[in-house]
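Participant: Per this note's numbering, the very first residue in the sequence shown carries number 21; after that it's consecutive.
Ideal placement from N, C-alpha and C gives every residue a C-beta, glycine not left out.
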Amino acid sequence: QEIHECSVKTLYRYDPNLINESMKKIEQVISLEDEIIEQLLRLKIEARTMLGIRLILESVRRIAEYGTDIAEISINLAVKRPL
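(1) Just mark Val99 as buried or exposed, buried being the case when its beta carbon has 16 or more other beta carbons within 10 Å.
(2) Kindly list the residues whose CB is nearer than 7 Å to the CB of Leu38, restricted to its own chain and excluding five residues on each side of it in sequence; keep chain order.
(3) Can you grab the Cα-Cα spacing for the pair Ala91 / Glu53, in whole Å?
(4) If we count the other Cβ atoms within 10 Å of its Cβ and call it buried at 16 or more, is Gly72 buried or exposed?
(5) Please tell me whether Ser42 and Thr88 are closer than 8 Å, where the distance is taken between their beta carbons.
(6) Would you call the CB atoms of Ile46 and Ala84 closer than 8 Å?
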């Protein structure tokens, strides 16, 4: 949610620091997702439970990626703005 909110703010106010912050956070989300999956595999969780957790993790990751997409759009809009 934080990534998404930061990214939407950049649509209204071009802020390179905010854009970079959003990009770093998506990297953290992906890294955390991988970490959680590794830990779950070590615990040998039941397949049905693992599937549900993976679905949740994937959804969180996709939301974060949408935030990054918004940040990238902000960059493109800033480049097109007249000085």
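Facilitator: Result, derived from the coordinates:
(1) Classification for Val99: exposed.
(2) Cys26, Lys29, Thr30
(3) 21 Å
(4) exposed
(5) The answer is yes: Cβ separation under 8 Å.
(6) Their beta carbons are under 8 Å apart, which means Ile46 touches Ala84 by this criterion.
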